[in-house]
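> The sequence shown begins at 150 in my numbering and counts up one residue at a time.
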Amino acid sequence: MAEPELLTVDQLALRTDTSVRTIRYYAGRGLLPPPRLRGRTGLYGPDHVARLMLVAELSALGFTLTAIERHLERLPPTAGPEELALQLALLTPWAPEQLDEVDRAGLEERAGRPLDEQAMERLIAYGVVERLDGDRFRVQGQVALAAAMDPLDVDLPVEFWARSREIIDRHTAALADDLMALFQEQVLQPYRDAGRPADQRSRLAAALSRLKPITVQGVVTAFGRAVNRSIRERATRVNSDAIR
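(1) Among Leu207, Thr213, Leu235 and Tyr193, whose alpha-carbon lies nearest the alpha-carbon of Glu154?
(2) Identify the continuous alpha helix (DSSP H) that holds Asp299 and give its terminal residues.
(3) Take Glu232 as the anchor and find which of Thr364, Ala347 and Val376 has the nearest alpha-carbon.
(4) Let's see if you can read the secondary structure: which residues bound the beta strand (DSSP E) around Glu250?
(5) Can you find the residues in the same chain that come closer than 8 Å, C-beta to C-beta, to Val376, ignoring five residues on each side of it along the sequence?
(6) How would you call Val365, buried or exposed, if buried means at least 16 neighbouring beta carbons within 10 angstroms?
(7) In the DSSP output, what is Arg285 paired with across the bridge?
(8) In the segment 179-229, which residue ranges form an unbroken alpha helix (DSSP H) of at least 4 residues, counting only runs that do not cross its ends?
(9) Excluding the five sequence neighbours on either side, which residues of its own chain have a C-beta within less than 6 Å of the C-beta of Arg253, listed in chain order?
(10) Strictly by DSSP, which residues pair up with Arg381?
(11) According to DSSP, simplified to helix, strand and coil, what is Leu156?
(12) Between which residues of its own chain and Leu357 is the CB-CB distance below 6 Å, once the five residues before and five after are set aside?
(13) By DSSP, does Val307 sit in helix, in strand, or in coil?
(14) Counting pairs of Cβ atoms below 8 Å between the segment 176-186 and the segment 202-219, do you hit three or more?
(15) Going by beta carbon distance, what residues of the same chain come within less than 7 Å of Leu156, once the five residues before and after it are set aside?
(16) In the DSSP output, which residue or residues are listed as bridge partners for Arg280?
(17) In angstroms with no decimal places, state the Cα-to-Cα distance between Glu308 and Ile273.
(18) Can you have a look at Trp310 and say buried or exposed, based on whether 16 or more other CB atoms are within 10 angstroms of its CB?
(19) Could you tell me if Gln289 is buried or exposed, where buried requires 16 or more neighbouring beta carbons within 10 angstroms of its beta carbon?
(20) What does the Cβ neighbour count give for Ala296, buried or exposed, with the cut at 16 atoms within 10 Å?
(21) If you check the beta carbons only, do Arg359 and Leu235 fall under 8 Å apart?
(22) Determine the extent of the alpha helix (DSSP H) in which Thr171 is found, giving its start and end residues.
(23) When the distance is taken between beta carbons, is Ala162 closer than 8 Å to Ser168?
(24) Contact defined as beta carbons within less than 8 Å: I believe Pro230 pairs with Pro184. What is the distance between those atoms, to the nearest angstrom?
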């Protein structure tokens with residue numbers, strides 16, 4: 150078996166897009182195990198790379214360092230790159246999500262057009278813009294904003310868009326809870342009950358990374374089919390009523 154690649158702290162920083170100072174700070178807080186020593190040089194292996202990637206993902210998800218410490222403490226002390234890669238796969242968002250804070254001018258620059266109060270209220274109703282204190286707004290990423298700009302001039306009341314968003318949020322939250330419960334029951338719990346076998350970790354992480362886009366696309370496809378079915382059923386009822 151080939152020896153794992155070992156990195157100096159500078160190489161580790163470059164590999165993980167982390168500063169040397171941050172790496173040393175994490176090590177001081179116990180987020181990283183000590184490096185191997187070769188003479189006076191500390192060398193870092195794949196487990197250090199995997200831990201730094203996991204810490205970065207937890208941080209991006211809004212975890213404080215204290216919360217990250219508690220999360221890592223729950224992992225087996227012998228957790229290697231495969232176990233850490235599985236943890237990373239479990240935590241990686243199922244769909245890209247980006248939130249930025251901008252002022253009114255910055256929002257209009259992203260939108261590519263001036264926005265009057267009616268347009269602002271519609272974007273807020275769509276859920277892509279949130280009004281903060283003063284002249285500050287929290288806005289979703291450019292893709293979500295661009296999608297919301299398309300129907301901006303459609304002559305439908307703001308109340309329609311706001312209630313549409315409430316319906317979507319309510320049903321997708323329930324769907325997410327059910328899917329997570331199923332994944333916990335059918336996939337994660339058997340893995341844990343089996344003693345977290347090492348030969349299943351990479352396979353499980355790879356399966357999870359493929360499951361995410363398939364599931365998201367499946368929801369979109371199923372929703373489209375459901376809407377089509379609802380339209381056909383309503384049309385059939387209208388025709389039946391007209392015949393009577």
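Every residue, glycine too, gets a C-beta built ideally from N, C-alpha and C.
In short, the structure shows the following:
(1) Within the sequence shown, residue 154 is the residue found at index 5, counting from 1. It is Tyr193 whose Cα lies nearest to the Cα of Glu154.
(2) Position 150 of the sequence shown, counted from the first residue, corresponds to residue 299. Element bounds for Asp299: n/a, residue is neither H nor E.
(3) As a position in the sequence shown, residue 232 is number 83, starting the count at 1. If we check each option's Cα against that of Glu232, Ala347 comes out closest.
(4) On the sequence shown, residue 250 is found 101 positions in, with the first residue counted as 1. Element bounds for Glu250: Leu248 to Asp252.
(5) Stepping through the sequence shown from its first residue, residue 376 is reached at position 227. Here the set comprises nothing.
(6) In the sequence shown, counting from the first residue as 1, residue 365 sits at position 216. It counts as exposed.
(7) Start at 1 with the first residue of the sequence shown, and residue 285 comes out as number 136. According to DSSP, which records beta bridges pairwise, Arg285 is partnered with Asp252.
(8) 195-209 and 214-222
(9) Start at 1 with the first residue of the sequence shown, and residue 253 comes out as number 104. Cβ within range, chain order: Asp284.
(10) Along the sequence shown, read from residue 1 onward, the residue named residue 381 stands at position 232. Beta-bridge pairing links Arg381 to no other residue.
(11) One-based indexing of the sequence shown puts residue 156 at position 7. Three-state DSSP puts Leu156 in a strand.
(12) Working through the sequence shown from its first residue, we reach residue 357 at position 208. Ala238, listed in sequence order.
(13) The sequence position of residue 307 within the sequence shown is 158, counting from 1. DSSP places Val307 in helix when its eight states are reduced to three.
(14) yes
(15) Here residue 156 refers to the residue found at position 7 when the sequence shown is read from its first residue. Result list for Leu156: Arg164, Leu192 and Tyr193, in chain order.
(16) Within the sequence shown, residue 280 is the residue found at index 131, counting from 1. Arg280 is bridged to Phe286.
(17) Within the sequence shown, residue 308 is the residue found at index 159, counting from 1. Within the sequence shown, residue 273 is the residue found at index 124, counting from 1. Cα-Cα distance, rounded: 11 Å.
(18) For this step, residue 310 is matched to residue 161 along the sequence shown. With 16 or more Cβ atoms within 10 Å of its Cβ, Trp310 is classed as buried.
(19) Here residue 289 corresponds to residue number 140 of the sequence shown, with the count starting at 1. Buried, because 16 or more other Cβ atoms sit within 10 Å of the Cβ of Gln289.
(20) Here residue 296 refers to the residue found at position 147 when the sequence shown is read from its first residue. By the 10 Å Cβ count, Ala296 comes out exposed.
(21) Along the sequence shown, one-based indexing puts residue 359 at 210. Along the sequence shown, one-based indexing puts residue 235 at 86. Result no, Cβ atoms of Arg359 and Leu235 do not sit closer than 8 Å.
(22) As a first step, residue 171 is located in the sequence shown; it is residue number 22 there, counting from the start. First-last of the alpha helix (DSSP H) with Thr171: Val169 to Gly177.
(23) For the purposes of this step, residue 168 is taken as the residue at position 19 of the sequence shown. For the purposes of this step, residue 162 is taken as the residue at position 13 of the sequence shown. Their beta carbons are under 8 Å apart, which means Ser168 touches Ala162 by this criterion.
(24) Residue mapping note: residue 230 aligns to position 81 of the sequence shown, counting from 1. Residue mapping note: residue 184 aligns to position 35 of the sequence shown, counting from 1. No, Pro230 and Pro184 are not in contact; Cβ-Cβ is about 15 Å, not under 8 Å.
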